[in-house]
Each structure stands twice: as structure tokens, then as C-alpha cells.
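Residue numbers for the sequence shown follow my numbering, beginning at 139 and rising by one. All C-beta atoms in this analysis are idealised placements derived from N, C-alpha and C, irrespective of residue type, glycine included.
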Amino acid sequence: MWAEGDFQMNSPANITDPLILFMPSGKRGRFPVGTPVLDAARQLGVYVESVCGGRATCGRCQIEVQEGNFAKHKIVSSNDHISPKGPKEERYERIRGLPEGRRLSCSATVQGDLVVDVPQDTVINAQVVRKAAVDRHIERDPAIQLCYVEVEEPDMHKPLGDLDRLKRVLEKDWGWKDPLIAPHLIPQVQGMLRKENWGVTVAIHRDMDISRPFIISMWPGLKNEAYGIACDIGSTTIAMHLVSLLSGRIVASSGTSNPQIRFGEDLMSRVSYVMMNPDGREAMTVAVREAVNSLIGKVCEEGGVSRYDILDAVFVANPIMHHLFLGIDPTELGQAPFALAVSSALQYWAHDLDIDINRGARLYTLPCIAGHVGADAAGATLSEGPYRQDSMMLLVDVGTNAEIILGNRKRVVAASSPTGPAFEGAEISGGQRAAPGAIERVRIDPETLEPKFRIIGVDKWSDEPDFEQAAGVVGVTGICGSAIIEVIAEMYLSGIISEDGVIDGALNARSPRIFQDGRTFSYLLRDGEPRLVITQRDVRAIQLAKAALYAGVKLLMEKQEVDHVDTIRFAGAFGSFIDPKYAMVLGLIPDCDLAEVKAVGNASGTGALMALLNRNHRREIEDEVHRIEKIETALEPHFQQIFIDAMALPNKVDAFPHLSLAVKLPPKKNLSDDGGATDSGAAPRRRSREERAARRGRE
Ligand code: FES
139 MWAEGDFQMN SPANITDPLI LFMPSGKRGR FPVGTPVLDA ARQLGVYVES VCGGRATCGR
199 CQIEVQEGNF AKHKIVSSND HISPKGPKEE RYERIRGLPE GRRLSCSATV QGDLVVDVPQ
259 DTVINAQVVR KAAVDRHIER DPAIQLCYVE VEEPDMHKPL GDLDRLKRVL EKDWGWKDPL
319 IAPHLIPQVQ GMLRKENWGV TVAIHRDMDI SRPFIISMWP GLKNEAYGIA CDIGSTTIAM
379 HLVSLLSGRI VASSGTSNPQ IRFGEDLMSR VSYVMMNPDG REAMTVAVRE AVNSLIGKVC
439 EEGGVSRYDI LDAVFVANPI MHHLFLGIDP TELGQAPFAL AVSSALQYWA HDLDIDINRG
499 ARLYTLPCIA GHVGADAAGA TLSEGPYRQD SMMLLVDVGT NAEIILGNRK RVVAASSPTG
559 PAFEGAEISG GQRAAPGAIE RVRIDPETLE PKFRIIGVDK WSDEPDFEQA AGVVGVTGIC
619 GSAIIEVIAE MYLSGIISED GVIDGALNAR SPRIFQDGRT FSYLLRDGEP RLVITQRDVR
679 AIQLAKAALY AGVKLLMEKQ EVDHVDTIRF AGAFGSFIDP KYAMVLGLIP DCDLAEVKAV
739 GNASGTGALM ALLNRNHRRE IEDEVHRIEK IETALEPHFQ QIFIDAMALP NKVDAFPHLS
799 LAVKLPPKKN LSDDGGATDS GAAPRRRSRE ERAARRGRE
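Written out as C-alpha cells, the structure is:
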């Protein structure tokens, strides 16, 4: 084989060999006529699955020839350039069926130039598959490989044991030299070999923390499917994907609430529970493992899969959940210096953590970045890859603790900010978690100061005639996180609150929706049942939360010596629903081209999925975590000043030039906390800093 670019170095005879280009990897090389396409793929390092070892019985090695003139690659590709179906392939097609255009790459040979597509949706056994829950292509190279072998029958004159002959054929057919075997399998070897006429499938784990391959499971005959789970243990929810390791397809995805909530709503209260109760750690470990086991049952039922066909599992979690799941006391994480018991990636036998899947299944946890920035943030980092970018990427996962990663391929820095539960609807009057009936969108007319809103589950706005009817029995129940951001941003845009976040009581003259509420003023969002009001206290709670996040981001920007970011990625459920424009009006995130701000959903879970489907991603994030610089924001001397500046909307000193192009920001107006208008200007020092910042923005 000659890889492209080697032409001048090699004999001219080889230049005439057919050229093969594999898609989507783009790998290419020249191979002699008659080379099986599977061999060509292997030699180029293109991952094409094979369980039966080229016997044309597993159907896992399917490829598709792309026909046409690929001028850019100087290849004219045609089905005439691949051998016709031989008897073995025809037999497979007759018995199992082959989709139109598909070929078995173990049987088909190269006859001329080819562009070959390695499809990502090879479906065997009419396996039920859902629409991909993760919208991305993950190149597969899983830690598990299924290998079918036919073992020589015993011979009185050759006293080699059954297992030893099995190992011998594994080396001959698959190149696995002297593999280790899980001890629980040894007593089963003889029975399995005899059950299907000396044919067995073994599952090799090729990514253990030892250099030798490891037989972790076995089945008599041809076993043509193996699964893995990717799991994200969050403080409030546990999310899981069940994935075919042989095709990469997500078979089922589901979530459940974390039962540890009964020990404490937030992370610190769970640490306190451990400190106060001698059996607290054990109880929480048992609770989370039971929840994981029942979630496995749920995804398996949905996917029509046996839980004992799950051979690999990858977990991500924040540091405290990570420790509790692994049975480690998290007390040290509750106080400075927030020492992790272990920060590196770990491998276990799933069985040792009471995870009820295949007896030989392995379990891998991604590394933690720091005491406050866990394996979940490592998963999100792997998924979004700031370290793979030329531009400066900000990745934020907003929860009760916001995790912030900022960087590019030169340098990545990370921090966490204690935003508290305000964005999740807690601490806000009328606030609630996102659920049907919760207000999710809000607009306020700047002239009349009248609001309109939309609730989850209903497409109509509240000022449309049949809204009440559409809202039906659920009705309006409260305000969720995305709407809290919108309502406060809209109150600012319509002049109801000043840049300092004070509700302007003088507007009572214009609208009864602004009314005196004790010593301060409130805004009536909805009359009726429930009556929903935005109080001065609510505005303050959101200001504190957003200032905590922004201050963390700003400190990281200072570390990177940049005054703007190029792209922003919002990870997590919260990020999926917030409108980037409103997040920026509020000053939750720094100024950025709005087209470059994207929600990426559960990026931690996607990172876990990547590590499950490709072991190289495990090495990638293990290496990257060592390079990420962790910043302890609270220890930075000017954190307090940055935080105070960030209390203003969108910010006391920082300019928002991109946002100004998309939204007409109100002129500065300052009010005292009792709602009375005061000096319309800021303190002289701040005003000059603002001007400097605005000038920077214009530049
Ligand atoms: Fe099994 Fe081709 S490798 S059918």
C-alpha cells in the first residue's frame, strides 16, 4: 500500500495501482487489484467493523461505493471498479439481506479507483434505532472488539488446553497476542466451545490500564451485537445513552432524577449530610448506583436490549457526584483547597461498583479538571473542543455552579462560579423548574409596558385570542429560568429597571403594573391565579447570579489577555432554552457576534459518548486536562471589583458593541434602591471607564 504523497518515493509500478478514498475520514491510498476493501481500510487506519473475521457472516463490514467523477481527488469511481458479489456475499444477502448499494468489504475486492463510503448506520438484525440524539459524527474506535473464532478441536497428541488453543487462534486470526482473561470466564470456556461446534465470539477489551488485550466476555457461536452506556450524573438529573458499540447508533436515551436530592437539594448540602451522618456517604452511594441501575433497565427496555449485552460504560459527573458514585468521601471538596481524592481518569470493573451489566463489563470515568470543575466539564470540553480552535471559545455550563472554560489551541483556562439556584427558578418569587405551564418567553411593550408571554407546551402568545383555551388544564404555573432572564432583560430594555437593576417607581404614573411593594417596587407580570410578580428582590437575585458568572468569565479573559471572545457555547439544559440575545442584554455573557453564540445541549453527555465510541478520545481528554490551567476566581485580588461592575445591566464598564448592533440598549439611567430617580450619570471614575470601554468596543 502506498499512502498518497509517497508516489515519488516508490516504484512506478505502484503508481498504477488503483487509488481508494474512504469517506468520511478522507484517508486514501493505492492498493493492488484484488485487495479486499476491508484490508485496504485496515491498512489506512479506517475503522470498519468486523466480527466474523471476513467469513461474510456478521454483515458488520458494510461499505458503499460512491459513483461519479471526483475531480478534486482525481478519481472516477464506479461500481464496476469493485469485484462482483461472490458466493459468500450472495449467501449473506440471501439469508440476511443487504440494503441497495451496500457491499461486504471483507468479500469485495479492489478492481479500479474507488471512493468508498463507510456508513454510520449499519443496521443488523432489524435493530430498533431512534433518531440520533446527538447530532454529530463520532468516528468509531471503541475499547471493545468482538472477535469470532473457530477453535481447533482437541487432539490427544497435542495436549494444549482449550483456552490455550482459543488464545492461539485469536493471535492467528486477529493478532491478539497472549490475551488475559477475566477469571470468571475460565470455568465456562470448555462448555462454550462445545456448544456451537468450536465457534465462539470473544469480547476483547483493548484499552485496559495494562498493555495486554483482555478477554472480558464470551458467547458460543457468532455474537453480533454489543452495547455501551454513556452516563452523565448531575446533581439533579442523571442522563444516559445506550449505544451500539458495533455501529455507533444511539439505541435509546433517557434520564431520571438523582435520588440524592432527598439528602440535600444542592451539592454542598449533600457534603454536609456526609459530614453529619456516619452512614451518609454509603447511603448516597447506594442511592445513585441504584438509580443508575434502574436507568439502565429503562434504556434497555426502550431499546429492546439485554442489560448483559452492555460491555462498556463511560461516566461523567461533577466532582462531588463523581466521588459519591465511586464510593469516595467528598468531605474535602466542601472546603478550601477543594482537594479531589483522585483527578485522573479511572477504570473499574463495573461489577465492583455494583453496576448490573455484563459480568466482565468495564467502566471508565473521565478525568476531573479541578476540585470545582469536574469530569462533566471535561466531557463538555472534549465535546466542544476549545483546544481544537484557532479562535477564542468560551464554553459555559450554567447550573447552580457554573463551569467556565475559555481558550483556543494555544491555551485553555477554566474556573467555576457559584451562580446559585436563581437561574433554575429557585429564590425567585413565582420561579419554577422548566415544566409544562411554566412561562418560557416574555416580551414587554416599551410604550405601554404591557407584557405578553408564552408557556412551555403552548405555541401561542398570551395576548392571542385563544391562548387561555390552548393553555388548557395545565394553565400558567410559574416562571422558569429562560423566562427569568428574558423578563429582566425586557424590563431593562423597556426602561422599567435601570442599568443598576432598580425598578423605576416613577413609572407607576404610566402603568399600574409597576407598584409599590413595601419599601421597593415590583412589576406585575400576570394577574390572576397564580399572580406572578417580579420583585426588586428577584432582580437582585438574578443580578448576583449573573455577576458571579460574568466575573468568572472576565477573570479568565484577563488570564488569556483578551478583551473579547470569538465564540460562545452554552452547555446544559438551561443553555438550550435561553435566548443568547437576552443573556447578553442581561450581561450574563460577554459581548460576541450573536451568530457565534450557540446552545450545545448536554455537552458533558456527548463527551462521554465520544469517549465510549472512540478510545482515542479518552487519551485526548486525559492529555488535555493536564494542560488546562485552573483559576480559583475567589482568590483573585480584584474579583470583587469585577463582580460589582458586573452587577449592572449589561455591565458597568464593559462595552457590548455587537449587542448594540442587534438591540437598542436604553440610555444610562441610575435610580436609588427605593425607586426614586437620582443623578442620571454614574460616578466620575466609572463614567470614564465606560467611555474607555465603549471606545475599545468601537475599535
Ligand atoms: Fe463479517 Fe464481512 S467481516 S461480514
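Which stretch, first to last residue, makes up the alpha helix (DSSP H) that contains residue i?
i: residue 464; result: 457–464
i: residue 182; result: 175–182
i: residue 690; result: 674–698
i: residue 711; result: 710–715
i: residue 213; result: Run containing residue 213: none in the alpha helix (DSSP H); it sits in the beta strand (DSSP E), 213–215.
i: residue 419; result: 418–441
i: residue 193; result: It is not in any alpha helix (DSSP H) - residue 193 carries neither H nor E in the DSSP assignment.
i: residue 519; result: 513–522
i: residue 220; result: Looking at the DSSP string, residue 220 is not in any alpha helix (DSSP H), and its letter there is neither H nor E.
i: residue 797; result: 795–800
i: residue 721; result: 718–724
So the beta strand (DSSP E) residue i belongs to, where does it begin and stop?
i: residue 249; result: Segment: none, residue 249 is in no beta strand (DSSP E) and carries neither H nor E.
i: residue 389; result: 388–395
i: residue 371; result: 365–371
i: residue 288; result: 282–288
i: residue 207; result: 206–208
i: residue 776; result: Segment: none, residue 776 is in no beta strand (DSSP E) and carries neither H nor E.
i: residue 764; result: It is not in any beta strand (DSSP E) - residue 764 instead sits in the alpha helix (DSSP H) that spans 753–765.
i: residue 739; result: 735–739
Per the DSSP calculation, residue i is bridged to which residue(s)?
i: residue 411; result: Looking at the DSSP assignment, residue 411 forms no beta bridge with any residue, so it has no partner.
i: residue 356; result: 340
i: residue 240; result: 202
i: residue 486; result: 501
i: residue 788; result: DSSP output for residue 788 lists no bridge partner at all.
i: residue 544; result: 532, 551
i: residue 705; result: 531
i: residue 379; result: 368, 391
i: residue 453; result: 369, 503
i: residue 569; result: 617
i: residue 576; result: 616
i: residue 254; result: 160, 203
i: residue 581; result: 590
i: residue 670; result: 664
i: residue 768; result: 552
Excluding the 5 residues flanking residue i on each side, which residues of the same chain have their C-beta closer than 7 angstroms to its C-beta?
i: residue 546; result: 524, 527, 528, 529, 530, 531
i: residue 145; result: With a pLDDT of 34 at residue 145, under the threshold of 50, the modelled position of that residue is not reliable, and no figure is offered here.
i: residue 425; result: 397, 398
i: residue 429; result: 376, 394, 396, 397
i: residue 763; result: 505, 507, 516
i: residue 151; result: Note on residue 151: pLDDT 38, under 50, position unreliable in the model; no value is reported.
Within the same chain, show all residues whose beta-carbon is closer than 8 angstroms to that of residue i, passing over the 5 residues directly before and after it, in chain order.
i: residue 269; result: For residue 269, the predicted structure reports a pLDDT of 39, less than 50, and the residue's modelled location is therefore unreliable. A value from the coordinates is still provided. The answer is none, since no qualifying residue turns up.
i: residue 304; result: 287, 289, 327, 331, 338, 340
i: residue 155; result: 140, 168, 169, 170, 171
i: residue 435; result: 445
Leaving out five residues before and five after residue i in sequence, what residues of the same chain have Cβ atoms less than 6 angstroms from its Cβ?
i: residue 266; result: With a pLDDT of only 36 at residue 266, under the threshold of 50, the placement of this residue in the model should not be trusted; the figure read from the coordinates follows. If we look at residue 266 and ignore the five residues flanking it on each side, its Cβ neighbours are 442.
i: residue 180; result: none
i: residue 451; result: 367, 488, 501
i: residue 359; result: 334, 337
i: residue 185; result: 278, 279
i: residue 577; result: 591, 593, 617, 621
i: residue 453; result: 369, 503
i: residue 599; result: 590, 592
i: residue 419; result: 412, 467
i: residue 658; result: 674
Taking Cβ positions only, does residue i come closer than 7 angstroms to chain B?
i: residue 173; result: You won't find chain B in this structure, because it holds only one protein chain.
Every unbroken alpha helix (DSSP H) inside the segment 588–667 [4 residues or more]: 605–609, 619–631
Inter-stretch contact (C-beta, 8 angstroms, three-pair minimum) for the segment 398–414 and the segment 331–350: no
Stretch pair the segment 295–309 + the segment 235–244: three plus CB contacts closer than 8 angstroms: no
Three CB pairs or more closer than 8 angstroms across the segment 567–577 and the segment 658–673: yes
The segment 535–544 / the segment 390–398 touching (three or more Cβ pairs under 8 angstroms): no
Stretch-stretch touch, CB-based, cutoff 8 angstroms, three pairs: the segment 779–790 with the segment 601–614: no
Contact between the segment 338–353 and the segment 318–327 (3+ Cβ pairs under 8 angstroms): yes
Cβ contact (3+ pairs, closer than 8 angstroms) linking the segment 550–562 and the segment 677–688: yes
Complete beta strand (DSSP E) runs within the segment 289–327 (minimum length 3 residues, chain order): none
Three CB pairs or more closer than 8 angstroms across the segment 217–232 and the segment 163–170: no
Three CB pairs or more closer than 8 angstroms across the segment 788–807 and the segment 622–635: yes
At least 3 beta-carbon pairs within less than 8 angstroms: the segment 692–702 vs the segment 770–781: yes
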